[in-house]
Amino acid sequence: MSLGSEARAERRSKLDISPADAVSSASSLRQILCGNDAIVHGGRPLGNYGPPHALFHPALARLDFHLRHLGKNLAELEPEPELLNNVHYFMEKSLEVYANAVAREGRLTPLLKMALGMSLLEQNLVYGATNDFVWRANNKYVTIVEQIKSEFALGGDAFLQAALSYSELISDRRYHPRSMKTNHPAILIGLMGDYIEIGRAIYLGGDVYYDETFLQRLSLDFFSHEHILRLAQAFKAVMLARDAKEHYYTRLEAAPPPEDSLAHPFPSPTHLSGDPLPEKLVFRCRLTKSGERYVFPSGIDFRESSVSSGLYIPHMPLPDDPSDPDASEAPSGTSTTALQIEVLVKFTDRYDPLAHRILAAAGFAPRLYSCSRVHGELYMAVMELLPGWTMEHQTKRLGKAVPLSVFDCVRAAIDRLHEEDIVFGDLRPSNVVCTPESVAEPGSAVQTEQLRAKLVDFDWTGVDGEGLYPAVLDDNKQWVAGVEWYGMMRKEHDLGMLEKLRLMCK
């Protein structure tokens with residue numbers, strides 16, 4: 020654990036707020052979720068979130084996939100008669116109205132234990148969080164945190180309390196040595212009234228990131244068959260993820276990583292489809308949209324600008340591409356160590372590798388090494404790490420005009436895409452990288468440096484008249500007429516944005 024991450028964990032451990040009190044008090048909740056000292060991140064307030072959990076552990080990736088595909092006839096999720104019977108009984112007792120939360124917990128916790136086929140360890144967490152129950156692997160590592168509340172609006176949010184209890188437990192100094200070798204992947208379960216929530220949590224450098232993947236009303240009505248089957252499949256998914264984590268922790272204890280390993284704060288993506296994932300990809304740091312490298316975010320403003328980028332810088336072996344005459348050379352601007360190169364990895368919910376490769380072949384985009392679908396419903400694009408800076412950086416940070424040579428490249432790139440009826444869609448200065456290039460003067464051996472341009476960010480590209488813009492666009496003032504939220508993409512939009520870029524160049 021780094022000094023910064025250990026300090027954040029220490030700060031959390033000193034907060035004299037129990038999870039039960041935090042979810043019952045707006046002021047306490049603000050202290051934990053808001054401001055620069057926020058160390059529990061689940062989407063509230065705006066910007067207080069992290070990368071998808073499925074990226075960080077195969078067990079969480081598997082759980083994410085299963086919970087997204089309930090009712091899809093996956094053989095591994097088919098419930099046995101005993102499980103269906105246990106789920107039915109659990110739902111039946113969940114529908115009862117109990118005198119208080121203690122009575123409800125005492126009745127439902129053993130039933131949940133029975134449905135999940137687990138031995139229950141009740142553990143009083145630090146600062147008196149006695150209402151939570153924790154399942155542990157090897158009696159050391161947290162696998163599941165469960166919280167039961169009586170009813171909605173009585174005592175706060177059960178799922179959030181489970182996340183806060185997880186944070187409190189993992190932040191304890193006794194866990195620090197374990198936090199040097201794992202991100203503590205965990206499953207969260209919250210029960211309130213006739214609703215159940217299932218989600219995940221991870222621990223990255225003193226910060227806890229959690230999300231909810233599954234929500235169901237525990238209803239036994241005309242559609243009892245459907246409700247029981249869905250919850251039974253969800254419980255089966257939880258059991259599979261729990262077993263995978265227990266195997267992982269057994270291996271971790273038998274063969275721990277080197278003491279200086281920094282693998283656990285970084286993604287460990289699980290391939291779903293598309294190009295194979297590059298071998299021996301070793302993540303080193305993250306990257307903000309403006310180009311700053313970091314390992315852990317510091318401060319809410321910095322976090323907002325960084326987590327939404329999904330950008331990472333790893334090392335990997337230099338690819339060997341016989342069809343590429345330059346394959347034996349590292350991409351310009353990258354560092355090499357024993358044929359290792361730095362590359363850029365982008366995780367995003369939509370991406371167009373075809374458009375990217377069209378422009379890369381023409382010299383107007385970074386080389387794309389691979390583009391894959393990974394668990395978490397994301398694309399993973401591995402590309403050349405470009406030297407240089409964006410047009411936005413050139414004008415706002417450096418205070419310099421953009422030369423026309425940059426605009427000429429952008430115009431040629433857009434023309435090439437339009438030849439294929441492809442609309443780029445997001446032609447803003449932040450997506451144009453100015454790359455320095457040495458050019459020989461005509462009739463002379465003298466080399467001069469000239470700025471050229473390459474386009475990045477192929478998230479939005481679509482076919483002219485068919486593709487759609489995202490349902491949410493940034494500041495509308497920067498778009499040309501016709502660009503609308505979830506509107507049709509047209510070539511003339513690119514041309515209008517191209518004119519805006521021309522006005523920035525001299």
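Using the working numbering, read the sequence shown as starting at 20 and increasing by one per residue.
Yeah, the Cβ is synthetic: ideal placement off N, Cα and C, and Gly gets one too.
Every value quoted in this text rests on a predicted model; they were computed, and no experiment measured them.
- Taking the C-beta atoms as reference points, M523 is found nearer than 8 Å to P448.
- Look at the beta carbons and you see the segment 357-369 not touching the segment 414-422: under three pairs across the two are nearer than 8 Å.
- Between H203 and Y222 a beta carbon distance of about 4 Å is seen, short of the 8 Å cut, so the two are scored as contacting.
- Going by C-alpha positions, M399 is about 8 Å away from S389.
- L296 carries a coil assignment under DSSP once its states are collapsed to helix, strand and coil.
- Leaving aside the five residues that flank V502 on each side, the residues in its chain whose CB is nearer than 6 Å to its CB run, in chain order, H512.
- The closest CA to that of L234, considering only P38, D226, L207, D240, is found on L207.
- Partner residues in a beta bridge of T128, as assigned by DSSP, do not exist.
- In this structure the segment 163-183 touches the segment 36-47; the number of beta carbon pairs closer than 8 Å is three or more.
- Between V451 and A384, the C-beta gap is not smaller than 8 Å, which leaves the two residues out of contact.
- With distances taken between CA atoms, S190 lies nearest to G225 out of G225, V164, M199, Q166.
- Beta-bridge partners of T201 (DSSP): none assigned.
- In its chain, beyond the 5 residues on either side, no residue has a beta carbon closer than 6 Å to the beta carbon of Y194.
- In this structure, R249 places its C-beta atom within 8 Å of the C-beta atom of G90.
- Excluding sequence positions up to five before and after K525, its CB lies within less than 6 Å of the CB of A420, all in the same chain and listed in chain order.
- For A274, there is no enclosing beta strand (DSSP E), as DSSP marks it with neither H nor E.
- Under the three-state reduction of DSSP, P77 is assigned to helix.
- Linking A490 to K132 through their CA atoms gives a straight-line distance of about 41 Å.
- Under DSSP, T409 forms a beta bridge with V452.
- Residue range 372-380 is occupied by the alpha helix (DSSP H) that includes H375.
- In the structure shown, V106 falls within a helical segment according to DSSP collapsed to helix, strand and coil.
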